[in-house]
Every structure is written in structure tokens, then in C-alpha cells.
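Take a look at the structure below.
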Amino acid sequence: MTRPFFTRDRIRDFDIFDRHANTALMLIKERMSSGNAIDFQDLMSRFSLDSAAEFLFGYNVHSLTVGIPYPHDAVHVPPNYVTPQAQSASEFANAFLQVQEIIARRNLYGWIWPLMEIFEEKTKKPMEIVRAFLDPIIKEALIKDANKPKDKSKEEESHVEEGETLIDHLVRLSSGGCLSIALTED
19 MTRPFFTRDR IRDFDIFDRH ANTALMLIKE RMSSGNAIDF QDLMSRFSLD SAAEFLFGYN
79 VHSLTVGIPY PHDAVHVPPN YVTPQAQSAS EFANAFLQVQ EIIARRNLYG WIWPLMEIFE
139 EKTKKPMEIV RAFLDPIIKE ALIKDANKPK DKSKEEESHV EEGETLIDHL VRLSSGGCLS
199 IALTED
């Protein structure tokens, strides 16, 4: 299903990765000039999230705009002005990471993981944040799809159009299906 998004025809989209790489490098330079350590894993996680979201869904999460966290022993931490969009992106990135960690932990527990969550599903709270962030993006894609003329054959429907994102493609493939109905009921 995602194969058309990783073809040579989509090489033009490398400007997305280049732009996010430049932002990441700028953050590294700023942090190194201040003499503080960098949480490289956090930086790469934010870079991957921003790049992949924009490449696949056509929406930049802006998790790099929040900046990277300072180490716990930093002597001088400048006051950080955070926009509402950057705050939302940071909350999404943190919730997304929490869900990944919980799912990885479930794998360690094996088949007994449901017993570890018998009183509370641990992914519930972070997934509410993830869904709140993603639902408007998906609804926008559904609205965009609903406004397109529907005169294509099944063969043409599976073809990826120029400038089409993964979410656009998935919505188009599921047109009239339960995905469209389920997401528009809210």
C-alpha cells in the first residue's frame, strides 16, 4: 500500500528531508556553542517525526521548532518562548514516544501484558493526545477527497497522483469505506 511513496519518482521530495536536516543542524550548532550536551536520540526522533509526517501525510508536525531539551545539569537554560503550535507539537511528540515505549514494554511482558494493564490501559491517555493531533489532519484529507470528482477506474485509483500524500492516497483508496464513515462521525 505504501510502496508508491518510496519510488524514484518521489526523489523530488528530498527537499523536505533537507529542510528538516538543516533545522536539526542549526539546533546542534546552537547547543554546541552554548557548551551544553545534546540528547541526540531526542533530536533524531524529532527529525524523523517531522520529516516522515510531512513526506507521508503532507503535514509538518513542527516538533523541531520546540527546540531540544537541555541536560539536567545545565548551568544556564535560557527562557524558551513556545508558541501554541510548538507546544502542541511537543505534546504530540512526547505522547507518541510514550505509546511506543508502552508497546515495547508489552512485548517484553509477552502474552501476559494484559495482566499488567488490568486496571488501566496505559496507552489510553497518550493516545488521546495523538488522536487529538491527528484527527484534524485526517478530517482535512477526507474533506479534500470528498470535493474531488469521482470518475476514476479502479486501476487509476491505485496510482499515486503528483503531490499526493500517503494520507490522501489512503483516504482515496478507502473512499466509501468504513474509514471515511468512522472519521466523519465525530
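Our numbering applies: residue 19 is where the sequence shown begins, and numbers increase by one. Using N, Cα and C, we set each Cβ at its ideal position, and we do this for glycine too.
Cβ-based neighbour list, residue i, same chain, cut-off 8 Å, excluding 5 preceding and 5 following
i      : result
Ile120 : Lys140, Thr141 and Pro144
Beta-carbon proximity list for residue i, same chain, < 6 Å, skipping 5 on both sides
i      : result
Thr41  : Leu82
Glu173 : Residue placement at Glu173 is poorly supported in this model, since its pLDDT is 48, which falls under 50; the coordinates still yield a value, given next. Answer for Glu173: no residue qualifies.
Three-state secondary structure (DSSP) of residue i
i      : result
Lys140 : coil
Val79  : coil
Glu173 : Summary for Glu173: the model assigns pLDDT 48, below 50, so the residue's position carries little reliability, and this model does not support an answer.
Lys166 : coil
Gly53  : coil
Pro154 : helix
Val84  : helix
Val148 : helix
Close beta carbons around residue i, own chain, < 7 Å, minus the five adjacent residues each side
i      : result
Arg49  : Ile56 and Ile86
Val117 : Thr141, Pro144, Met145 and Val148
Met134 : Tyr127
Gly194 : With a pLDDT of 46 at Gly194, under the threshold of 50, the predicted position of this residue should be treated as unreliable, though the coordinate-derived value follows. Closer than 7 Å at Cβ, skipping near neighbours: no residue.
Heavy atom of the ligand MN within 7 Å of residue i beta-carbon
i     : result
Phe75 : As far as ligands go, the structure on display features none, and thus does not contain the ligand MN.
Unbroken alpha helix (DSSP H) run spanning residue i, endpoints
i      : result
Asn226 : Here the chain covers residues 19 to 204 and nothing more, so residue 226 does not appear.
His90  : No alpha helix (DSSP H) holds His90; DSSP gives it neither H nor E.
Pro132 : Trp131 to Met134
Nearest-angstrom Cβ-Cβ length linking residue i and residue j, presumed shorter than 8 Å
i      : j      : result
Ala107 : His80  : 4 Å
Glu72  : Ile34  : 5 Å
Val92  : Asn54  : Reading off the sequence shown, one finds Ala at residue 92, where the question assumed Val. Confirmed, about 5 Å.
Phe58  : Phe110 : The Cβ separation is near 21 Å, so there is no contact.
Notebook entry, point to check: Can we say the segment 63-70 touches the segment 95-115, given the rule of at least three CB pairs closer than 8 Å?
Noted result: Flag = yes, the segment 63-70 and the segment 95-115 touch.
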